[in-house]
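A short write-up of the structure that comes next.
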Amino acid sequence: MALIFVTGNHHKFKEASEIAIQHGIEIEHRNIPYVEIQADKLEDVIRLGIQQACALLNGPCFAEDSGLFIQAFKGFPGPYSNFVFRTLGNDGILKLMVDETNRRAEFKSAVGYCEPGLKPKVFTGGVEGNITLEARGTLGFGFDPIFVPTGEDGRTFAEMPAGEKNKLSHRARAIEAFFRWFKQRKTVDR
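In the numbering used here, the protein residues as written are 1361 to 1550.
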């Protein structure tokens, strides 16, 4: 039986699918609209969202929420990244940072899993990097064209094929942690 990934973002599903294959896990996409609360922590946003999605599906499922936390802006846009991306986009963030010398940022991800009658579990991942001076690349989505992970070759996430990005990204790290837990749990339950 496939594990249900609740998301309205087909890019996230594609990334998660590639990781799932490596773990021998079959996932299925469902676009179940649930209310995303506004909170200062991704963990709080995903915890309530996945509880609601689980109740709507009446079955086990997982979801993911992520954000770009820019150091010079005290973590903004953080959990509000989706709204900020839709309203300002990459160009807007770059304009806000035009005179900023501190370009350090972190992408963070929280994956929530829930089963009916149980409390949700949350798994996190992060990757540090820097905001570029200009958008680069056509791969990926969201803020990928303006984020360069620390310790790599200077390419943005949008300049990396999905498989390469999945070795480094915040989302991949959180999903990996969840899949490892899920597989271990299923082995114990047998």
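Virtual Cβ for every residue (Gly too), placed ideally from N, Cα, C.
Nearest by alpha-carbon distance to residue i: which of the options is it?
i: T1461; options: I1491, E1475, V1482 and P1480; result: I1491
i: N1450; options: G1409, R1496 and I1406; result: R1496
i: G1514; options: E1494, A1532, F1501 and G1523; result: E1494
i: A1532; options: H1371, M1361 and A1362; result: H1371
i: L1528; options: E1466, K1543 and V1482; result: E1466
i: D1400; options: A1470, I1364, F1538 and H1530; result: A1470
i: F1433; options: Q1544, T1516 and L1454; result: L1454
i: V1482; options: Q1411, G1489, F1445 and E1512; result: Q1411
i: T1516; options: L1448, G1489, F1445 and I1385; result: G1489
Could you please give the first and the last residue of the uninterrupted alpha helix (DSSP H) stretch that includes residue i?
i: D1404; result: L1402 to L1417
i: L1499; result: Segment: none, L1499 is in no alpha helix (DSSP H) and carries neither H nor E.
i: R1446; result: S1441 to T1447
i: I1379; result: H1370 to H1383
i: K1481; result: K1481 -> not in any alpha helix (DSSP H); beta strand (DSSP E) instead, spanning K1481 to I1491.
i: K1525; result: A1522 to K1525
Rounded to whole angstroms, what's the CA-CA distance from residue i to residue j? Just pull it up for me.
i: H1383; j: D1459; result: 44 Å
i: A1518; j: A1380; result: 21 Å
i: Q1398; j: T1484; result: 18 Å
i: I1387; j: N1526; result: 17 Å
i: D1504; j: L1417; result: 31 Å
i: R1540; j: T1510; result: 25 Å
i: R1550; j: N1442; result: With a pLDDT of 46 at R1550, under the threshold of 50, the predicted position of this residue should be treated as unreliable, and no value is reported.
i: M1457; j: C1474; result: 38 Å
i: S1377; j: R1463; result: 31 Å
i: C1421; j: P1439; result: 21 Å
At what residues does the beta strand (DSSP E) containing residue i begin and finish?
i: E1396; result: Careful: E1396 lies outside any beta strand (DSSP E) and carries neither H nor E.
i: F1422; result: C1421 to I1430
i: A1470; result: R1464 to C1474
i: P1509; result: F1507 to P1509
i: V1458; result: Premise fails: V1458 is in no beta strand (DSSP E) and is neither H nor E.
With a cut-off of 8 Å on the beta carbons, I'd call residue i and residue j a contact; round off their distance for me.
i: G1409; j: G1472; result: 7 Å
i: P1476; j: R1407; result: About 16 Å; that fails the 8 Å criterion.
i: N1391; j: G1427; result: That belief does not hold up - the Cβ atoms of N1391 and G1427 are roughly 21 Å apart, past 8 Å.
i: G1342; j: K1468; result: The structure shown does not extend to residue 1342, since the chain is modelled only from 1361 to 1550, so the question has no answer here.
i: A1522; j: E1424; result: About 15 Å separates the two Cβ atoms, so there is no contact after all.
i: F1445; j: G1502; result: 5 Å
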